Amino acid sequence: MESVQHLKRYCRNALRPFLWAVIFCTSALWSSAAAQSGQVKGTVKDSGGEALIGASINVKGKTTGAMADVNGNFTLQAEPNDILVVSYVGYVSQEVPVNGRSLIDIVLLENPSLLEEVVVVGYGTAKKADLTGAISNIKTEEITKQPATSAMQSIQGKVAGATIIANEAPGSSPTVLIRGMGTALGGRNPLYVVDGMPVDNINNIHPNDIQSMDILKDASSASIYGLRAANGVIIVTTKKGKEGKTQITYDGYVGMKGVLNRVEMADAGQYIQYFNENLDNIANASQPWRLKENQANNTDWYNELLQKGHQMSHAVNLSGGSENVDFFVSYNNLTEEGILKGSKYQRNTLRNNNQYRFFKGRLKLNQTLNFTFTEAEPKSYGLFNDAYRQSPLVPVWYANGRAGRTVWNRTTGMVGYERNPGETVGNLNSIGNPVYSLLQQQELLNTNTLQGGFDAEVKITDYLKFNSRVGATRYGSKSRNFTNVRNNWLNADPTRTEAEFNALKEANPTTTAYANNTFSYSTSESFRWVWENFATFSKSSGKHNVEATAGFSREKVGIGSGINGTGYDVPDQEQYWNINLGTGAYQKLVNQTYYTPRSLASYFARAQYNFNSTYYLTATIRRDGSSVFKNSSEYWGTFPSVGAGWTVSNESFMQDSFLDYLKIRANWGKLGNQDIPLNVSQILTAAGSSNRNYVFGSGQELVFGAVYGTPAVDVSWEVTTETGIGADFALLKDRLSGSVDYYHKLNTNAILLVTPTYTSEYENNFYAHGAKVLNSGVELGLNWSDRSEIGLNYSIGVNYAYNKNTVKDVKPAYDGQTGGSLGNGQITKQLKEGYPIYAWWMYEANGVWQSQAELEDKNAVKVGNPRPGHLKYTDINGDSVMNNLDKIYFGSYLPTYTYGINLSVDYKNIDLSVYGYGVGGNKIYNGLKGTRIDGGENVPLDLFENRWHGAGTSTVHPGADRDSYASSYYLEPGGFFRINNITLGYTLNNLYSGSSKLRVYATAQNPLMFTKYTGFSPEIADNGDPSGTSGIELSAYPTTRNFIIGLNLQF
Amino acid sequence: MALSLGVMSCGDDFLNVDSRETVEAQHRDETYEPEAFITGVYGMFTEWDYAFSFLGITEILSDNADKGSSLTDTGTDKHFLDDLTYNAGNAGSFHAMWTRWYKTIGRATLAIEYTENFGLTDQAYKNRLIGEARFIRALNYFYLVRGWGAVPLQHEDLVRRAPESEVYAFIEQDLLAAIDVLPLKGDYAAKDIGRATKGAAQGLLSKVYLYQGKHQQAADMAKAVIASGQYALEADYARIWREEGENGPESLFEFQARGESIAHGIQQYSQTQGARGTGGWGWGFNVPSENLLNAFLAENDSVRMNATIMFRGETLYDGREVNAGAENPMYNEKAYDSADPGGSDNGKNLRYLRLGEIYLILAEAANEQGNTAEALQALNTVRSRAKLPAFASSNQADIRTKIWNERRLELAFEHDRWSDLVRTRQAEAAMKANGKNFVPGKHYLFPVHTNQLIQTPGFEQNPGW
């Protein structure tokens, strides 16, 4: 109901200024047509309507000029086709064509220079010049220049110290690490605060709706969000209306996506050679068969599986304001068809942000509201894996319409299922047909997010104000999935018949393996709310400036429930896919649960003092409680911080220095993390097939049982102590500016998920403090911007961040926890003291066994029973036995450094920008190349060409017959440099009013990448879990290249 | 100040959230009857480890079975097991079963404690539940002691390896207690079929005695089972492993599985051993070896050979053809489930202990005590069911050899062969005959996996590893 009233209100408020704007524009056009004389009058004001006294107005290419007076008025002589150049200190200069007008009102925009930039600091704002911490500010233009589903992707490479690992699947969002990976478990992600409301992610926000993002990197800035601040805080401010300026803007683009770094695979002939060499080398008498040359098919599975992806976005917004109300309304649509045929993602968002002012602005009510609906048809990334491995000899379809399979006739050596009596057949491998699998995936996923907030700000006196705000998010999702069991059974083998299936179905009427189909439906909803109250005191007296904030908050998240059901034998037509239309022959399944919510309570205070804008001091304290520490009831943690700053360039001794600006900052603070599930001893149960349940009785009824969970160990807040120093500077008339920061960030008591002693009675892993995680590094940002004589503006920026990650002081019993499973029994990572978190840990490949004689040498140390052509591994501990103790450290999947380069030039109506991003110091495990099961999987061309094929042919690369142990052979440098974005735009000003303009642009995203990595993408975050498959390419979505054309229209 | 303190305490209430997804341990008494925890102990038998790691360290190791599958599909460590090239760090199957068995023991102990303290008023029911858990605990310790010899007794110390004799004593104590309280198979209600019975505990105890060379007690226990009147041999050997033979007259104890929706089987047990490749339904691991085939042929034992081995190209009893294009020449038919051969949750019960073996225990125990007649009678009871001629001899050693061979053929693929080879010290010769390098003094015991050694430094490794 409330929202309906909002909608009515904004319609009333929105239409009125809009009408005025139309009338105004029409009359302006009318008057310009009538103008003839050489005298031009006008005003120069800022975007808030304030006169810019002393602004200079010059006629381009002439000596004529004028200055704006105390009211911002000016008068000068100009020809109808002259161009006026308007400039003012601290504002962006503008060129305004006269176009025959005699009255010209000019609005200059503020120049977001280092000193004047305003950043959001959590429960308030501050001028960047007044900060004592390290905060990166990103403006809307920076975000929209790199179109993406999530704004976090758009800022990759633009913030030193923020490592952003892209994931380009439709609707997905990147993995973000601020100043390194500081924890082993959950809570790796930064905290997002949208318009004052803490949230888990910003996937529901269209990048076009974002006004600015502020990334709080250091402890003294972030500790005001002590709760969950240990991984950095990203504050997102969405767009608001502005008084006196009614605008409609439209931003739209269309793009085409393709795989950037497609791996070239072996073709049919090469595959046959490799396949036969494998068998030759195994030389097993029971396997005399070989593949014949000149087979019927040479399937390129990637060609069959992939398509050109398409992407389209429309964003319309309407904003403006009057004396008492500002409004912003937007509608955005983003549609993407992924590179996997049939994969789709669509997101519609509707936003309304209003501000209402009462009592001459003493009471301000800010309201935000955002609806997001997404609809997705996701496809499994496992298909990339299948396409990589499937043999080119396998047809996509057989002549009878069935899916191509890996059957081959071992007697004739030909691929296919034809077999005469006495002939034997076999399978090339056990990989499925990815094209068939893709067609069979019929998942549909809908989500809706309703997010809104209400903030009341009362100005009690000129120096004291009070805010109370509530925010809430409701998230709902539903998904359905249909599996055609009958089709799958028939297509598993081209010789199977419907009659056979029917016979099996009849013989086994209750076995779901012979149901025609399986249909499942699930829905879930969750809710979170936050309530915050704080007071802000702000006063300046002479050269003393004080600001203080204090307040408290309550938050509850994860309130909700989920339910899913499965039915069988529903009608095949999609319109009848309901569990209720399934037959009663099989028992339907239902699962339902409420989620355990989490409560958070906080008290916080911050004081900032500066003397003469030269000496700064900030102190923050926050006391936080989290419900997860239930076992100990030690809910509370206290997180203090201090920061100091000194603007050296304000000192008299610096007045003649070459530096225009220099500020030194230092900060120290404690930050918390509590992102583990409710820590309490539990009884574990499960619905359905689980080792907690069993079957009893003559009818073999399923009986649910219960099991003791591992008793909870008392844990409390993870406390991260961070110390940092930094400096901001500008020189050469502010043309060169930059900042440098050093930090030392120690998670003093990281929580690990610990495996109970194997011989003990307890099974499931438990949480315990067990290690320290240190991240230390430097961040550097430099920006050069200038304007040439001919009116060419350009800027070049570079940023660089180095981070060293080390696990320290691991409790001995917890040292050596493993991770990075390849899914074939091989593990690749370990958490060990003195090394980066879950670093690579595996056998060191040190050559290739060349001959049987070499293998038979009594000193040869082997893993199992290798054959010539297999990789050799180093016996690290020299005990002549190869086992886990011979695995050694090989670096980390986490980059040690990241860098970004950006270049932008604009000249007259043309703008050009280029962004590049790179990482280095990391390694990626090429699991696609490494893991094989049958020996009949296809291989990439490089592996084929380099292979060992007889003594002396290679001492590095394994032969076609090779093992599948995880080793350094498959670990590749993960560094890359990529041109993220090249954009060329052209702007047409004054379409029919001074503020209307049209910009058209073309963008190439990821046009080029330089890397030594031989897989599809060196950016592999998986779900970000360091102990999982992060950094291992198995079923990763490839990096894509995207060409976009778009336009921005403003009137 | 007072105000802020007030808000603080409010905060603690606010922060004390209720667990909704799982039951907090403090509420267990109000929520769960002891029977639920007993069910949880049984549940362990359905774990995936029994479908893969278990095959590796009971059968693939031995001369009965080969790894199977395709040459290059190692099953992670099954090739090491098959070749006897495993070591402490490369064979996760040992680690998986070691952990599985200890966790099952833990569940049993916790369930026993819970049942004892819960306040059940029906003493017989209470004792039965405890007896069931003690039976399962004994069964799991028996697996451990057979594999590793001296192992920690969980209730005493997690690292110190108790001598074999102490472990056996603990097993005997559990089984004797179980025998006292468990009902006869026939006394259970229909809904309770599948639970541990008095006969199961007696049968297991007779085997436990046999392993310790306590022949008199082994024979007594075996005879107690036979005399109980609860059991009879299936007339048709092949029927034992078919759906209709589940929990049949010969069955002492089985791991239960349900194939109908909602299905709950021993995860993938049939799938991992199903025919692989063209027309197949499984992964093709744990296949009969040529050595086993020859053993059947040497004995002219077609009944048990055909019930045990599924041949490539054969048409099975249910009409399904094992495609002539299957990857391997032979598969384990005892793992075959007709209704859903490749399903991960199918209805295949694993036959853990049955009367056929009890007769063979009796035969062996009697023979070792010189009761030739009793031994031959028991042996020939089993042979006659397999349509084999009665064996006659007065030579104790010949009879012993015959019984051991009979065990091999009767119990092939019932996860007993490796332990039997080790127990009877036939292993060295048998494995050599199978072309494998068995090192006595080393291979008689499994290695303790490096995971355990890393987790609890100071844990003692077995000799030779």
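Residue numbers (this note's numbering), protein chains in the order written: chain A, 90 to 1140; chain B, 219 to 683. For every residue, glycine included, the Cβ atom is placed at its ideal position computed from N, Cα and C. For clarity, every value in this text was computed on a predicted model and none was experimentally measured.
- Straight-line measurement puts the Cα of Leu1123(A) at about 50 angstroms from the Cα of Glu517(B).
- Each residue's CA atom was taken as its position, placing Pro1127(A) and Asp875(A) some 38 angstroms apart.
- With its beta carbon less than 7 angstroms from one in chain B, Arg781(A) belongs to the interface.
- Listed along chain B are Val235, Asp236, Ser237, Arg238, Glu239, Thr240, each with a C-beta nearer than 9 angstroms to that of Thr685(A).
- For the set Asn518(A), Gly161(A), Gly673(A), the Cα lying nearest the Cα of Thr599(A) is the one of Gly673(A).
- Ser969(A) is the residue among Thr1118(A), Ser969(A), Gly1104(A), Glu1034(A) whose C-alpha sits nearest the C-alpha of Trp683(B).
- Proximity of Glu478(B) to chain A, defined by a Cβ-Cβ separation below 7 angstroms, is satisfied.
- In this structure, DSSP gives Ile428(A) a state outside helix and strand, which the three-state scheme calls coil.
- The DSSP assignment places 881–897, 906–908 as complete runs of the beta strand (DSSP E) inside the stretch 877–911 of chain A, in order along the chain (cut-off: 3 residues).
- Relative to Asn1112(A), the option among Phe1105(A), Ala1125(A), Gly1104(A) whose CA is nearest is Ala1125(A).
- Using a Cβ-Cβ distance cut-off of 8 angstroms, the stretch 559–575 of chain A and the stretch 516–535 of chain A are in contact, since at least three pairs of beta carbons, one from each stretch, lie closer than that value.
- Exposed is the label assigned to Asn160(A), since fewer than 16 other Cβ atoms lie within 10 Å of its Cβ.
- Rounded to the nearest whole angstrom, the C-alpha separation of Thr317(B) and Val235(B) is 34 angstroms.
- Within the same chain, Cβ atoms closer than 8 angstroms to the Cβ of Asn518(A) are found at Arg478, Gln479, Ser480, Thr495, Ile1022, Asp1023, Gly1024, Gly1025, Glu1026, the five residues on either side in sequence being excluded.
- By the C-beta criterion, the stretch 354–369 of chain B is judged to be in contact with the stretch 415–433 of chain B, since at least 3 inter-stretch pairs fall below 8 angstroms.
- Exposure of His633(A) is indicated by the presence of fewer than 16 other C-beta atoms within 10 angstroms of its C-beta.
- Partner residues in the beta bridge of Lys645(A), as assigned by DSSP, are Trp618(A), Ser688(A).
- Between the stretch 883–898 of chain A and the stretch 852–870 of chain A, the count of C-beta pairs closer than 8 angstroms reaches three or more; the two stretches touch.
- The Cβ-Cβ distance between Tyr883(A) and Val994(A) falls below 7 angstroms.
- The bridge partners DSSP lists for Met156(A) are Ser145(A).
- Cβ-Cβ distances below 7 angstroms link Gln376(A) to Leu368 in the same chain, with the five nearest sequence neighbours on each side left out; the list follows chain order.
- Legend: CB atoms of the stretch 1012–1031 of chain A lying less than 9 angstroms from CB atoms of chain B belong to residues Arg1021, Ile1022, Asp1023, Gly1024, Gly1025.
- For the pair of segments examined, the stretch 484–504 of chain A was found not to touch the stretch 546–563 of chain A: the number of CB pairs separated by less than 8 angstroms stays below three.
- Interface with chain A (7 angstroms Cβ-Cβ cutoff): Ile621(B) is excluded.
- Contact between the stretch 928–944 of chain A and the stretch 968–985 of chain A is present: 3 or more CB-CB pairs across the two stretches fall below 8 angstroms.
- Look at the stretch 213–282 of chain A and you find these whole runs of alpha helix (DSSP H), each 4 residues long or longer: 229–233, 240–243.
- For Leu305(A) and Ala240(A), the gap between their C-alpha atoms comes out near 16 angstroms.
- When the beta-carbon positions are compared, Gly349(B) and Val385(B) stay at least 7 angstroms from each other.
- One Cα belongs to Asp536(B), the other to Tyr487(B), and the distance between them is close to 19 angstroms.
- The beta carbons of Lys552(B) and Trp622(B) sit no closer together than 7 angstroms.
- Measuring C-alpha to C-alpha distances from Gly497(B) to each of Lys834(A), Glu332(A), Asn935(A), Asn580(A) identifies Asn580(A) as the nearest.
- Around Leu454(A), the same chain offers Tyr445, Ala545 as residues with beta carbons nearer than 6 angstroms, after the five sequence neighbours per side are excluded.
- In the three-state reduction of the DSSP assignment, Pro252(B) falls in the helix class.
- Within its own chain, the residues whose Cβ lies closer than 7 angstroms to the Cβ of Gly271(A), once the five positions on either side in sequence are excluded, are Ala319, Asn320, Thr809, Lys834, Asn836, Val862, Asn864, listed in chain order.
- Look at Gln697(A) here: in three-state DSSP terms it is strand.
- Residue environment for Ala651(B): exposed (fewer than 16 other C-beta atoms within 10 angstroms of its C-beta).
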